[in-house]
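Take a look at the structure below.
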Amino acid sequence: MTEGLEAILDDPAGAVIGLDFDGTLAPIVPDPEAARIHPAGPGVLARLGDLVGSLVVVTGRPAGTAVEYGSLARVPGLVVLGHYGLERWEAGRLTAPPPHPGLDLVRAELPRLVAGLAGARIEDKGRSVAVHTRRASAPQAALDALREPVGALAAATGLAVEPGKFVLELRPPGMDKGVALGAFLEERSARSVLFAGDDLGDLAAFAAVRASGLPGVTVFSGSAELSVEADLVVDGPSGVVGLLGSIADALSARRPV
Numbered sequence: 001m002t003e004g005l006e007a008i009l010d011d012p013a014g015a016v017i018g019l020d021f022d023g024t025l026a027p028i029v030p031d032p033e034a035a036r037i038h039p040a041g042p043g044v045l046a047r048l049g050d051l052v053g054s055l056v057v058v059t060g061r062p063a064g065t066a067v068e069y070g071s072l073a074r075v076p077g078l079v080v081l082g083h084y085g086l087e088r089w090e091a092g093r094l095t096a097p098p099p100h101p102g103l104d105l106v107r108a109e110l111p112r113l114v115a116g117l118a119g120a121r122i123e124d125k126g127r128s129v130a131v132h133t134r135r136a137s138a139p140q141a142a143l144d145a146l147r148e149p150v151g152a153l154a155a156a157t158g159l160a161v162e163p164g165k166f167v168l169e170l171r172p173p174g175m176d177k178g179v180a181l182g183a184f185l186e187e188r189s190a191r192s193v194l195f196a197g198d199d200l201g202d203l204a205a206f207a208a209v210r211a212s213g214l215p216g217v218t219v220f221s222g223s224a225e226l227s228v229e230a231d232l233v234v235d236g237p238s239g240v241v242g243l244l245g246s247i248a249d250a251l252s253a254r255r256p257v
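Following UniProt numbering, the numbering of the sequence shown begins with 1 at its first residue and continues without gaps.
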């Protein structure tokens with residue numbers, strides 16, 4: 001960990017700072033549409049955008065939604081990779097492939113699968129569809145009941161299932177946060193990397209940090225059972241923003257006057 005942080009501080013122009021959105025920059029809330037970035041987040045990211053080589057948000061959300069909910073449009077040089085890397089937002093421009101054809105059948109069938117589970121909620125993200133059980137009376141039991149039928153629906157439509165905290169998301173296969181982050185590191189000729197995340201989907205990005213061979217730091221801001229995968233554990237989005245602020249302070253202090 002110390003090596004990775006020192007590499008970022010010693011050579012900020014070669015550093016990539018990668019971040020998940022929900023649970024990392026924004027607190028987890030019962031309604032995903034109500035999620036918003038930590039109040040200090042946009043300011044800290046704007047500072048970092050002027051200090052490091054590359055700043056990237058890698059999220060399962062649509063890229064445009066993350067930009068809106070995170071007030072990210074004015075962060076210098078920021079890239080947002082949405083839908084686990086299928087979408088890219090950069091300098092106000094969004095690029096993405098056509099939606100997967102299997103999503104039409106998912107939209108038709110998923111309401112039937114969740115009909116008997118009070119509190120289960122479907123979220124249509126455009127290029128993926130998720131079912132949340134956080135509001136169910138027994139969230140874990142509802143999630144467990146959905147695993148098999150959702151998996152069968154994914155197999156029938158050629159989609160992949162992305163599990164998370166009380167959520168199962170059906171999305172196009174072949175892309176995850178690790179693939180997205182690894183490609184971005186190569187694109188930017190990174191010389192060091194930090195990635196912060198909070199959920200199962202972020203473990204692929206942690207693995208990409210290790211596989212890159214670069215001096216790196218993985219930061220976890222979520223539940224304790226996954227913290228063993230990270231170099232550093234912080235207390236939710238406030239801890240992430242505090243860490244990023246400390247890095248920005250240290251880089252500013254080292255900048256020539």
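By construction, the Cβ of each residue, glycine as well, lies at the ideal position given by its N, Cα and C atoms.
Item	Value
Endpoints, alpha helix (DSSP H) assigned at Pro98	Pro98 -> no alpha helix (DSSP H), and no H or E assigned at all.
Proximity of Leu181 and Val106 at Cβ, strictly below 8 Å	no
Inter-residue CB distance, Val56 and Leu244 (contact presumed, cutoff 8 Å)	With 8 Å as the limit, Val56 and Leu244 do not qualify as a contact, their Cβ atoms being about 13 Å apart.
Burial state of Thr218 (16 or more Cβ within 10 Å)	buried
Touching by the beta-carbon criterion (3+ pairs, under 8 Å), the stretch 14-31 and the stretch 48-66	yes
Cβ contact (3+ pairs, closer than 8 Å) linking the stretch 151-171 and the stretch 93-112	yes
In DSSP terms, what Arg121 is bridged to	His132
Residues near Asp176 in its chain [Cβ-Cβ closer than 6 Å; skip 5 each side]	Tyr84, Ala204
Other residues of its chain near Val13: CB distance less than 6 Å, five sequence neighbours each side excluded	Reading off the sequence, residue 13 comes out as Ala, not Val. Excluding residues within five positions, the ones whose Cβ falls inside 6 Å are Gly53.
Opening and closing residue of the alpha helix (DSSP H) in which Ile37 lies	Taken as a continuous stretch (DSSP letters only), Ile37 belongs to no alpha helix (DSSP H), as it is neither H nor E.
Nearest neighbour of Pro172, chosen from Leu94, His132, Lys125, Leu146 [CA to CA]	Lys125
Endpoints, the alpha helix (DSSP H) within which Leu153 is located	139-157
Beta-carbon proximity of Gly4 to Leu194, cut-off 8 Å	yes
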